[in-house]
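Visitor: For the sequence shown, counting from 1, position 25 maps to 1246 in the working numbering; every step adds exactly one.
Have a look at the structure that comes next, please.
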Amino acid sequence: SGASSTGSAGRDMDIEWSFGAQSLTDLAEELQVYLDIANAKAELDMQIDPSNFSSAVAAAKEKLYYKGESWEDTPVQVEFVLKVGNWFDLTSQTSVLIEVDKSVEPMPLVSP
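Rendered as structure tokens:
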């Protein structure tokens, strides 16, 4: 969130959301729509509903399997980057890295 950003002197700030280099590409592709919306609305806060995030993770997992890559060995993480600029072209950037804890996935049920 960039909600505490100041220094715009009453003018609109330049807002740019992006993914950082540590992001799993397949997961970033699934979440791109949320960045697009936040950028289009110049929002300092971006929220992704947990069920939508979970769906994006599931889709990324499916993409990894389809490409023959290991879900278990692949760090599943996304880095959100927010760059804020004012009318003096002064900018500040912050990021947050979210890593999916795969150890809490439900175990498959096996029936005889």
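Think of the CB as a built atom: it goes at the ideal place given N, C-alpha and C, for glycine as much as any other residue.
Predicted, not measured: the structure shown is a model, and the values here were computed from it.
Quick one: what's got a C-beta closer than 6 Å to S1313's C-beta in the same chain, skipping five residues either side?
Guide: V1305
Visitor: Bridge partners of Q1314, per DSSP?
Guide: Beta-bridge pairing links Q1314 to K1304.
Visitor: Using alpha carbons as the reference points, say which of L1303, T1295, L1265, Y1286 lies closest to D1233.
Guide: L1265
Visitor: Among residues of its own chain, excluding the 5 on either side of S1276, which ones have a beta-carbon nearer than 6 Å to its beta-carbon?
Guide: none
Visitor: Can you name the start and end residues of the beta strand (DSSP E) that S1239 belongs to?
Guide: 1235-1240
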